[in-house]
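Data block below; observations after.
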Amino acid sequence: MLNTIKLTLTRTLLYTLLAAISVACTAAPAEPAIPTATDVPPTEVATQAPTEVPTEMPTVEPTQSAAEIYQDPTQPIAARVDAVLAEMTLAEKIGQMTLIEKGSIDPTAVTDYAIGGILSGGGGYPKGNNTPEGWAEMVDGYQQAALDTRLGIPMIYGVDAVHGHSNVVGTVVFPHNIGLGAANNPELMTRIGEITAAEMVATGIYWNYGPAVSVPQDIRWGRTYEGYSEDTAIVSSLSSAYLRGLQQDDLSAPDTVLATVKHFVADGGTRWGSSTTGNYQMDQGVARGDMELLRRVHLPPYEVAIENGAQSVMISFSSWNYVKMHGNRELITGVLIDELGFDGFIVADWGGVDQISLSYYESVVRAINAGIDMNMVPYDYETFINTLTIAVDAGDVSEDRIDEAVRNILKVKFALGLFEAPFSNPDYLERVGSDAHREVARQAVRESAVLLKNEGDLLPLDPAQTEIFVAGKAADDIGIQSGGWTIEWQGKAGDITVGTTILEGIQATVSTDTTVHYDKFGHFDEITDTPSTCIAVVGEQPYAEGFGDDPDLELEARDKRMLRRMAETCETLTVLLVSGRPLVLNDLYDQWDAFVAVWLPGTEGQGVADVLFGDYPFTGTLPYTWPRSVDQLPFDFATLQAEDVLFSRGFGLIE
Ligand code: BGC
Ligand code: BGC
Numbered sequence: 031m032l033n034t035i036k037l038t039l040t041r042t043l044l045y046t047l048l049a050a051i052s053v054a055c056t057a058a059p060a061e062p063a064i065p066t067a068t069d070v071p072p073t074e075v076a077t078q079a080p081t082e083v084p085t086e087m088p089t090v091e092p093t094q095s096a097a098e099i100y101q102d103p104t105q106p107i108a109a110r111v112d113a114v115l116a117e118m119t120l121a122e123k124i125g126q127m128t129l130i131e132k133g134s135i136d137p138t139a140v141t142d143y144a145i146g147g148i149l150s151g152g153g154g155y156p157k158g159n160n161t162p163e164g165w166a167e168m169v170d171g172y173q174q175a176a177l178d179t180r181l182g183i184p185m186i187y188g189v190d191a192v193h194g195h196s197n198v199v200g201t202v203v204f205p206h207n208i209g210l211g212a213a214n215n216p217e218l219m220t221r222i223g224e225i226t227a228a229e230m231v232a233t234g235i236y237w238n239y240g241p242a243v244s245v246p247q248d249i250r251w252g253r254t255y256e257g258y259s260e261d262t263a264i265v266s267s268l269s270s271a272y273l274r275g276l277q278q279d280d281l282s283a284p285d286t287v288l289a290t291v292k293h294f295v296a297d298g299g300t301r302w303g304s305s306t307t308g309n310y311q312m313d314q315g316v317a318r319g320d321m322e323l324l325r326r327v328h329l330p331p332y333e334v335a336i337e338n339g340a341q342s343v344m345i346s347f348s349s350w351n352y353v354k355m356h357g358n359r360e361l362i363t364g365v366l367i368d369e370l371g372f373d374g375f376i377v378a379d380w381g382g383v384d385q386i387s388l389s390y391y392e393s394v395v396r397a398i399n400a401g402i403d404m405n406m407v408p409y410d411y412e413t414f415i416n417t418l419t420i421a422v423d424a425g426d427v428s429e430d431r432i433d434e435a436v437r438n439i440l441k442v443k444f445a446l447g448l449f450e451a452p453f454s455n456p457d458y459l460e461r462v463g464s465d466a467h468r469e470v471a472r473q474a475v476r477e478s479a480v481l482l483k484n485e486g487d488l489l490p491l492d493p494a495q496t497e498i499f500v501a502g503k504a505a506d507d508i509g510i511q512s513g514g515w516t517i518e519w520q521g522k523a524g525d526i527t528v529g530t531t532i533l534e535g536i537q538a539t540v541s542t543d544t545t546v547h548y549d550k551f552g553h554f555d556e557i558t559d560t561p562s563t564c565i566a567v568v569g570e571q572p573y574a575e576g577f578g579d580d581p582d583l584e585l586e587a588r589d590k591r592m593l594r595r596m597a598e599t600c601e602t603l604t605v606l607l608v609s610g611r612p613l614v615l616n617d618l619y620d621q622w623d624a625f626v627a628v629w630l631p632g633t634e635g636q637g638v639a640d641v642l643f644g645d646y647p648f649t650g651t652l653p654y655t656w657p658r659s660v661d662q663l664p665f666d667f668a669t670l671q672a673e674d675v676l677f678s679r680g681f682g683l684i685e
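Here is the structure:
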């Protein structure tokens with residue numbers, strides 16, 4: 031994995047280098063010659079690499095009348111934007127358009143370059159102090175640096191709080207979206223959005239890189255769990271309910287954050303083998319189809335999000351009909367802005383701009399002209415700033431386009447109330463990871479569990495029986511049950527944050543007379559030859575993005591061995607699957623008495639015990655179709671018959 035990260039980095043460096051030695055940019059990467067509606071527009075950009083250093087930052091104070099207007103919350107936003115924009119130099123405007131990963135810049139440079147945005151990528155916590163207080167201090171430090179600029183424009187700090195504020199130790203971590211798709215409860219989604227926002231503002235972060243409105247069409251994709259469902263309508267309804275929770279009715283309220291709808295567009299439609307990033311197979315790959323497919327499957331969640339007040343959209347790494355989305359003016363400006371009427375700001379994904387062309391100069395020109403307002407650089411901001419400056423000087427990017435981008439960004443910063451309240455809100459610190467927040471996550475966990483098999487009505491289990499035998503690597507592991515995007519980008523097995531494991535939930539639920547035996551590997555032979563009630567908790571190790579692209583979707587060999595052994599010895603066997611998607615179960619499944627998909631529940635494992643022992647009924651239903659074999663993928667949903675698959679979408683034994 032490290033190698034692949036290095037590889038990606040080296041590639042980025044290579045691109046920059048290639049741009050720097052001004053390679054002629056006629057050679058596009060080899061593309062299959064298929065007719066598409068969105069052919070790459072002919073580019074007429076200079077191929078000269080940056081040679082000049084951008085103009086120095088001015089030091090003169092803004093005119094008093096301008097500052098009086100834009101710093102005055104009673105003025106209309108449009109007037110405030112006009113007032114500040116009129117004062118800005120090109121360097122300051124380009125600074126606004128620059129979004130940098132926090133480890134790549136220190137606060138002094140934020141002031142020097144008048145930087146508009148900073149982010150924590152996955153795992154981007156303050157080193158040595160991953161606490162809510164540590165985050166608040168770090169983010170406030172960057173904010174102070176932004177306010178120390180001549181114009182005092184606050185920066186906006188972004189984070190992937192994609193299932194709760196999940197990079198921060200001690201926060202509540204909700205089930206990943208696939209589980210919330212199984213719960214399919216819009217009211218609950220709004221509540222989850224509110225809680226996530228409350229935990230974010232405690233740390234000074236007002237910008238969330240969620241909801242993902244991906245509509246994954248092939249579960250081999252490593253980001254399947256980030257999508258609520260393979261069904262567009264479910265994605266639209268849950269993502270917009272969540273967005274309303276994050277933003278509520280008034281973005282400027284102290285406990286709201288800006289949502290980011292991502293990844294525009296058709297990130298869930300890429301094909302196996304189409305990716306050219308590192309060892310990835312599907313992630314960042316190519317989605318193909320006509321406009322009818324795009325409009326039917328992938329676009330509706332954006333329409334609904336815009337109706338619900340979306341003000342930030344992130345562009346997808348992927349390509350649509352071989353055109354990289356980051357340079358796709360036809361879909362970004364043509365469809366998202368002109369047709370759907372999106373009027374917030376558009377942000378690039380992590381180095382996504384760099385992938386448009388082998389020439390960095392051309393990539394920047396194409397991306398900004400396509401409609402991207404803020405570039406998630408994320409590392410080498412000097413090269414980006416220099417390159418865009420030269421492109422404006424050369425007339426390849428117009429000053430009008432720059433002004434428009436800056437307007438879009440500033441408009442949202444004013445609407446968010448950042449000028450009035452730029453810092454963290456310490457009043458919320460004590461609510462981070464609070465019992466009240468965890469209660470809601472626990473509800474989400476029990477509503478997300480899907481009961482798929484229940485021979486002889488084995489479930490709910492009797493909490494008063496003498497002995498219960500629990501096995502499996504996922505039974506007592508907060509890291510595994512939380513999955514990717516938890517503390518670390520890729521997630522991590524082990525005791526990585528505060529919460530209740532599935533095993534702890536079981537122990538807390540059974541009667542005081544019940545003995546719960548736990549063995550990770552399911553060896554109970556020293557206790558008994560005939561374990562009575564067995565519960566095996568198996569599943570996937572954490573992963574994120576293309577590292578989770580999986581060609582066969584099998585259980586790990588050691589899980590299979592354990593399950594076979596337990597099926598032979600246990601009187602009854604209940605299997606709980608902790609995973610980011612359906613896995614292929616083959617004949618194993620026939621040997622189980624009961625089977626529950628619990629997805630990636632997050633920190634509140636108690637919710638699993640709630641349904642297992644009947645304190646609450648099972649209500650979850652499958653958000654994705656469950657294949658019998660991997661050869662069936664990708665499904666042709668138009669012709670798929672219920673009898674072809676193990677379980678259809680929407681299935682779930684409801685008690
Ligand atoms: C992911 C985005 C994420 C961004 C920032 C990218 O690699 O594709 O979903 O928001 O990183 O962490
Ligand atoms: C970051 C992620 C980002 C990824 C992109 C990682 O180092 O932590 O947030 O999505 O790089 O490749």
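Here this note's numbering runs 30 ahead of the position in the sequence shown, where the first position is 1. Don't be surprised by glycine CBs; every beta carbon is placed ideally from N, CA and C.
**Message:** Measuring only from the beta carbon, is F551 closer than 7 angstroms to any heavy atom that is part of ligand 1?
**Reply:** no
**Message:** Here's the rule I'm using: 16 or more other beta-carbon atoms within 10 Å means buried, otherwise exposed. How should Y45 be labelled?
**Reply:** Confidence at Y45 is low in this model, with a pLDDT of 43, below 50, so the placement of that residue is unreliable and no value is reported for it.
**Asked** When every heavy atom of ligand 1 is checked, does at least one fall within less than 7 angstroms of the C-beta of M127?
**Response** no
**Asked** Which runs of the alpha helix (DSSP H) spanning at least 4 residues fall entirely within the stretch 461–494, listed in chain order?
**Response** 465–478
**Message:** Is Q257 near ligand 1 - that is, is its Cβ less than 7 angstroms away from at least one heavy atom of it?
**Reply:** It should be noted that the sequence gives Gly, not Gln, for residue 257. G257 Cβ: outside cutoff for every heavy atom of ligand 1.
**Message:** Shorter than 7 angstroms, the distance from the beta carbon of E518 to the closest heavy atom of ligand 1, or not?
**Reply:** no
**Message:** Please report the distance separating the alpha-carbon of I208 from that of P103.
**Reply:** 40 angstroms
**Prompt:** Per the contact definition of three or more C-beta pairs closer than 8 angstroms, is the stretch 227–241 in contact with the stretch 190–201?
**Reply:** yes
**Asked** The alpha helix (DSSP H) with M168 in it runs from where to where?
**Response** 162–177
**Request:** Return the first residue and the last residue of the alpha helix (DSSP H) that V422 is part of.
**Result:** 411–423
**Request:** Indicate the three-state DSSP secondary structure (helix, strand or coil) for G153 in the structure shown.
**Result:** coil
**Request:** Could you give the DSSP three-state label for H328: helix, strand or coil?
**Result:** helix
**Prompt:** Which term fits D69, buried or exposed, when burial requires 16 or more other beta carbons within 10 angstroms of its beta carbon?
**Reply:** Confidence at D69 is low in this model, with a pLDDT of 37, below 50, so the placement of that residue is unreliable and no value is reported for it.
**Message:** DSSP three-state label for S387, please.
**Reply:** coil
**Prompt:** Does the separation of the CB atoms of T602 and L482 fall below 8 angstroms?
**Reply:** no
**Prompt:** By DSSP, does N238 sit in helix, in strand, or in coil?
**Reply:** strand
**Message:** Does the beta-carbon of M344, which I'm using as the reference point, lie nearer than 7 angstroms to any heavy atom of ligand 1?
**Reply:** yes
**Request:** Hey, could you find the ends of the beta strand (DSSP E) A451 is sitting in?
**Result:** Element bounds for A451: n/a, residue is neither H nor E.
**Request:** Can you grab the Cα-Cα spacing for the pair W302 / M168, in whole Å?
**Result:** 40 angstroms
**Asked** Considering only the beta carbon of each residue, do T651 and G682 sit closer than 8 angstroms?
**Response** yes
**Message:** In the DSSP output, what is H547 paired with across the bridge?
**Reply:** F499
**Request:** Please report how far the alpha carbon of I345 lies from the alpha carbon of G521, in whole angstroms.
**Result:** 23 angstroms
**Prompt:** Heavy atom of ligand 1 less than 7 angstroms from the Cβ of G529, yes or no?
**Reply:** no
**Prompt:** Any contact of the stretch 394–404 with the stretch 126–145, i.e. 3+ C-beta pairs under 8 angstroms?
**Reply:** yes
**Prompt:** For the putative contact between T286 and Q278, defined by C-beta atoms under 8 angstroms, what is the C-beta separation to the nearest angstrom?
**Reply:** 5 angstroms
**Asked** Does the stretch 516–531 come close enough to the stretch 491–507 that 3 or more CB-CB pairs lie under 8 angstroms?
**Response** yes
**Message:** Please return the same chain residues whose Cβ sits closer than 8 angstroms to the Cβ of A624, not counting the five positions on each side in sequence.
**Reply:** L481, K483, N484, E485, L488, L489, T602, L603, T604, V605
**Item:** Beta-carbon contacts of I712 that lie in its chain and below 7 angstroms, excluding the five residues immediately before and after
**Value:** The displayed coordinates of the chain run from 31 to 685. Any statement about residue 712 would go beyond what the structure contains.
**Prompt:** Say the cut is 7 angstroms; is the CB of F294 nearer than that to a heavy atom of ligand 1?
**Reply:** no
**Prompt:** What three-state label does DSSP hand I565 in the structure shown?
**Reply:** strand
**Request:** Could you check how far apart the C-beta atoms of T542 and P493 are, in whole angstroms? I think they sit under 8 angstroms.
**Result:** No, T542 and P493 are not in contact; Cβ-Cβ is about 10 angstroms, not under 8 angstroms.
**Prompt:** Closer than 7 angstroms: is that where the CB of G610 sits relative to any heavy atom of ligand 1?
**Reply:** no
**Prompt:** Does DSSP put I135 in a helix, a strand or coil?
**Reply:** coil
**Item:** V343 vs F294 beta-carbon contact at 8 angstroms
**Value:** yes
**Asked** Shortest alpha-carbon distance to R468 belongs to which of G529, R595, A97?
**Response** G529
**Request:** Starting from the C-beta of G513, find all residues in its chain whose C-beta is less than 7 angstroms away, skip the five residues before and the five after it, and write them out in chain order.
**Result:** H206, Y255, G521, P572, G610, L630
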